[in-house]
Amino acid sequence: MALCPSNTDCLDLIFQMLDQVMKLHPDVSEFHIGCDEVFHLGLCDKCMARMSQDSIGKDQLFFDHIKKVASYLRNKYPQLKTIIVWDDMFRCSHSSVVLASGLGGIVEPMVWNYQPQLQLAPGLWDNLACVFPSVWIASAFKGATGPSTMVTNINFHLDNHQAWSHLLISIRSKFKIVRGIALTGWQRYDHYAVLCELFPQGLPSLAVCLKFIQKDGSWERQREIAEVGKWELFVSNHDSRHCSQRLLVCLGPLAWQGLVGEGYYGWTEDSSSTWIPVCTFPGSDVYQLTIEFSHLHRACTELFNGDGISAWMNDFNVQRRFINPVHVETLYTRAESLMEHCRSLASRLEPAFVDVFVSGVTEEWRECFLTPLLSRLEQFLNKARTFVGD
Ligand SMILES: [Zn+2]
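Per the working numbering, the sequence shown starts with residue 26, numbered consecutively.
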């Protein structure tokens with residue numbers, strides 16, 4: 026899906042959307058207009074004709090569009106002090122082209138990176154500094170570790186904030202001011218993807234990352250950011266990684282490493298752990314339930330991919346009914362126990378979700394994650410049942 030910058034109807038639509046947001050938030054002084062990851066720009070006939078006629082490239086097409094959107098906001102809402110845009114579409118353009126676009130005095134870029142080791146081109150900051158006196162940065166407190174990740178990996182996101190903190194020391198002299206940081210939290214990777222970490226699942230990570238920002242003296246807008254993170258979350262004055270929470274009211278350790286997926290911080294050092302943090306913050310039922318489901322999912326995966334099924338209940342054996350019931354009984358009992366757990370979790374899903382989410386989220390989460398697991402267990406049990414006691 027792409028929006029055509031050469032179609033005036035598109036601009037009308039955007040202006041209406043901007044007006045709707047401003048109507049709901051009349052007192053804002055900063056407005057983020059997005060504009061990231063515009064992969065399909067300049068592909069339609071209108072845009073191609075315009076680029077050819079005006080001898081301009083895709084980047085100029087894009088900058089012109091931003092200028093129109095930002096100018097609309099500035100003219101109509103003089104109370105807006107800052108219009109922010111994502112920086113990624115500037116990264117491939119020469120600074121002279123950005124400079125010539127006149128965007129320097131109209132918008133401020135927000136540079137995003139969500140990795141524990143920041144992956145940004147070395148010349149990025151100098152190029153931006155040629156055009157923009159001020160810059161923003163963006164981190165992530167959830168998301169960025171996998172499109173179907175369910176449990177937030179707090180360490181991963183804390184390290185992302187730490188990396189930004191270190192980088193700020195070297196870039197702050199290039200700009201008049203580093204204006205602030207946006208802590209992003211992804212709900213899904215795009216409109217067509219399944220839900221990733223739900224907001225209550227990411228709350229402990231948000232608390233820890235805010236606390237890190239609040240305590241770290243290298244942040245430019247420390248006082249303002251501290252105001253954002255003003256919850257008195259932590260009882261102790263230890264560093265963010267080891268402190269306990271008062272508002273989150275969690276007993277014992279949080280799910281620091283995440284629980285699912287492989288990679289940078291994937292499976293924990295103790296992959297057999299079935300620990301579920303005991304918390305009572307608003308939404309903590311969802312936090313706990315999604316962790317519990319991840320443990321259950323892992324246990325089912327171990328059953329389905331394990332030696333038991335592949336050695337004694339593979340399709341070859343099943344089709345020929347050449348099966349030793351003793352082995353099947355063990356697998357059947359295990360699957361029955363997992364099924365019981367799955368049903369118990371299913372019965373607790375709605376009460377936990379209904380307090381936190383609008384309608385539709387419960388159904389989507391159930392059908393994307395819980396139902397497929399239940400179906401697979403049921404299929405296995407139906408198959409195994411015919412052999413038990415044979
Ligand atoms: Zn177009």
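The C-beta atom is built at its ideal place from N, Cα and C for all residues, glycine as well.
Proximity annotation: ligand 1 has residues Cys29, Ser31, Cys69, Lys71, Cys72 in chain order, each selected because its CB is closer than 5 Å to a heavy atom of the ligand.
Boundaries of the beta strand (DSSP E) harbouring Met135: 133-137, taken from the DSSP string.
At a Cβ-Cβ threshold of 8 Å, Val353 and Met364 do not count as neighbours. In the displayed model, Arg204 falls within a strand according to three-state DSSP. In the three-state reduction of the DSSP assignment, Thr396 falls in the helix class. For Phe378 and Gln140, the gap between their C-alpha atoms comes out near 30 Å. DSSP, read as helix, strand or coil, puts Thr107 in strand. Per the coordinates, the alpha-carbon of Ser80 lies some 27 Å from the alpha-carbon of Phe40. Closest in C-alpha terms to Phe237, from the list Lys83, Ser164, Lys199, Phe115, comes Ser164.
With a 10 Å radius around the Cβ and a threshold of 16 neighbouring Cβ atoms, Cys117 comes out exposed. Counted as a single uninterrupted DSSP element, the alpha helix (DSSP H) harbouring Glu389 occupies residues 386-390. For Lys167, there is no enclosing alpha helix (DSSP H); the residue is part of the beta strand (DSSP E) that begins and ends at 159-167. Annotated as proximal: Val122 and Gln85, with beta-carbon spacing under 8 Å.
In this structure, Gln142 is the residue among Leu28, Gln142, Glu62 with its C-alpha nearest to the C-alpha of His191. Its chain contains Lys106 as the residues whose beta carbon lies nearer than 6 Å to that of Ser54, once the 5 sequence neighbours on both sides are disregarded; these appear in chain order. Segment contact: the region 160-176 against the region 221-230, three or more CB-CB distances shorter than 8 Å; contact assigned.
Secondary structure at Glu55: strand, using DSSP grouped into helix, strand and coil. The closest CA to that of Ser173, considering only Lys201, Arg204, Val160, Val219, is found on Val219. Under the three-state reduction of DSSP output, Thr315 falls in the helix class. Excluding five sequence positions before and after Ile348, the CB atoms of its chain that fall closer than 6 Å to its own CB belong to Asn342, Phe412, given in chain order.
Apart from sequence neighbours up to five positions away, the residues of its chain that approach Tyr102 with a beta-carbon distance below 7 Å are Met47, ordered along the chain. With a 10 Å radius around the Cβ and a threshold of 16 neighbouring Cβ atoms, Gly67 comes out buried.
Within the same chain, and ignoring the five residues on either side of Leu406 in sequence, the residues whose Cβ sits closer than 8 Å to its Cβ are Tyr357, Ala360, Glu361, Met364. Residue environment for Tyr312: buried (at least 16 other C-beta atoms within 10 angstroms of its C-beta). As computed with DSSP, Gly210 is found in a beta bridge with Lys167. Taking 8 Å as the cut-off, the Cβ atoms of Val156 and Gly129 count as close. Inclusion of Phe56 and Leu98 in the CB contact set at 8 Å is warranted, their separation being smaller than that value. Inter-residue distance for Pro158 and Val110 is about 14 Å (C-alpha atoms, whole angstroms). One alpha carbon belongs to Thr299, the other to Val63, and they sit about 41 Å apart. For the pair Pro30 and Phe87, the CB atoms are nearer than the 8 Å cut-off. Burial of Gln239 is indicated by the presence of at least 16 other C-beta atoms within 10 angstroms of its C-beta. Separation of Tyr217 and Cys393 (C-alpha to C-alpha, rounded to the nearest whole angstrom) is 13 Å.
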